[in-house]
Every structure is written in C-alpha cells, then in structure tokens.
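Notes follow the structure.
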Amino acid sequence: CPSRLLVGAPWDGNGQGDIYKCGMGLQNSSCAKANLGAAAPWLRSSAGHLGMTIVDSKDGGFVACAPLWSQECGTSVFSSGRCVQLNEELQLMGTIAPTAQREWGGMYWDVLGCATLVSPCPLPGCSTYMDIILVLDGSNSIYPWEEVQAFLGNILGRFFIGPGQTQVGVLQYGERLVQEWALGQHPTAQRLLEAARNLTRQEGRETRTAMAIRQA
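Structure (structure tokens):
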C-alpha cells in the first residue's frame, strides 16, 4: 500500500487552493497542509484553484497547477494559469508559467468569432502593455458586415488605448491580405473606435486564414 496520499484542495483559502499530504495504512492517520501560499506569494493574489491538477514528475516530485490563476494588466485580466514544481516533501522547487515569461517568447492566441486576437503574453507585474493585431475575415462568407463592425468596437472598447500602453493594428483578409491600420496609427480610443465604425469589407470568394495569421 502507498505510504501517503496527495489530496488537491482547489477551493481552499477562498479559492487560492493548496495540497494536503495524508498518511495511509496507519491507525488515526492525519493530513498535513502544504501551505504553499507562504512559499509562493503569487498564489494569494488570485483564486487560481491550485491543486485542481496534480501529476508526478520524472525527478520523483510533483507538479500541481492553478489553472484559473489570473493577473491584471491595466484594465485587462488574463487567466493564464500557473503551476508549481514540488519535491517529495512538497517543498516548492520552482514555478512553471510559460505564458508569463519573456524568455519563452510565447504568444496569446484567442479566436473571437470572426477574428483572431494575436498579442504578446502579459509579463509578471505588467511591466509592459500590449501590442495587439486583430485579424478579420472579410471574405464573402461573413455577413452582415455591420455585426463585424459592432464586434470590433466591443473588443476595442475593452482595452486601455494610449501611447506607451495598448496599441492595436488590424489586418483584413479574404483572397488577399490588407493592413487596415498599423500599430499606433490611431493612438486614442476615440480614433480607434471611429476607424472600426468606418471599416469596409474587402470581400473575396476565398478565405485564406492561415496566410493571414502567418503574416500577422
């Protein structure tokens, strides 16, 4: 029989989560809390639900994940998730957060209706804001175009637009790719939303999505 049992408690501590190590096979066995919030203070900043996933690692330790861990960047919130690497004694050995590290060169991708959002991943502490490229399908398969304009305005209204902060560029594609506007071309939210309202459809019988994403 195994000598211990690891129990994930993702709702522990108002949703921050933690892990318990429980004895097995002994009379009056008890469970001890790992108290990972003390070793990894970032766990206390968000209800990430650590312990929702626990897997063993090749070095004999474990990896536990907080898939709902989020951080704020300006007016935007990113639920990127983070994981902790633990040794056999459940001591913190490191943090695994590829979506929050510059050196990984990651990208944040999200498919939003008829558009694909492509932007650099947020960094710890939000030391920089974002450059966002919106890739819009302007082929004949998208109708009515007014809904795309409304969708675009709704998305853009969620970001804090300004010089040195969030900048947005737009590419539109069908059979060919057109840069509607470049990063920083519309430096204020008002000008950006006006450009979105005036955006016309390029049209085209083909929908070359892969080409557009590669170019973005």
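Residue numbers for the sequence shown follow full-length UniProt numbering, beginning at 1 and rising by one.
All residues carry an ideal CB built from backbone N, CA and C; glycine is no exception.
Identify, in the order they occur along the chain, each residue of the same chain with its Cβ nearer than 6 Å to the Cβ of Ser139, setting aside the five sequence neighbours on each side. Gly174, Gly204, Thr207
Terminal residues of the beta strand (DSSP E) in which Phe62 lies: 62 to 66
Only counting the same chain, and skipping five residues up and downstream in sequence, which positions put a Cβ closer than 6 Å to that of Val111? Any reading at Val111 is ruled out, since the residue's pLDDT is 34, under 50, leaving its predicted position unreliable.
DSSP has Leu92 in a bridge; who is on the other side? Leu86
Residues in the same chain with beta-carbon distance under 8 Å from Ala40, minus the five sequence neighbours each way, listed in chain order, please. Val84, Leu92, Thr95
Taking the C-alpha atoms as reference points, what is the distance between Ile133 and Asp12? 38 Å
Ordered along the chain, which non-local residues of its own chain (more than five positions away) have a Cβ less than 7 Å from that of Leu36? Asp18, Ile19, Leu43, Leu50, Val84, Leu92
For Trp145, name the three-state secondary structure that DSSP assigns. helix
Roughly how many angstroms lie between the CA atoms of Ala32 and Gly48, to the nearest whole one? 21 Å
Which of the three DSSP states is assigned to Ser127 in this structure? In this predicted model, Ser127 has a pLDDT of only 45, less than 50, meaning its place in the structure is not dependable; the value taken from the coordinates is given anyway. Correct three-state label for Ser127: coil.
Are the Cβ atoms of Ala182 and Gly169 separated by less than 8 Å? yes
Comparing C-alpha positions only, which one of Ala34, Gly15, Gln16 sits nearest to Cys22? Ala34
Take Val135 as the anchor and find which of Asn87, Thr53, Gln215, Leu5 has the nearest alpha-carbon. Gln215
Report the residue from Asn14, Leu6, Thr200, Gly60 whose alpha carbon sits nearest the alpha carbon of Glu147. Thr200
Going straight from the alpha carbon of Gln179 to that of Gln172, what length do you get? 6 Å
Can Gly153 and Ala196 be called in contact, C-beta distance under 8 Å? yes
Measure the alpha-carbon distance for Asp59 versus Glu88 and round it to whole angstroms. 9 Å
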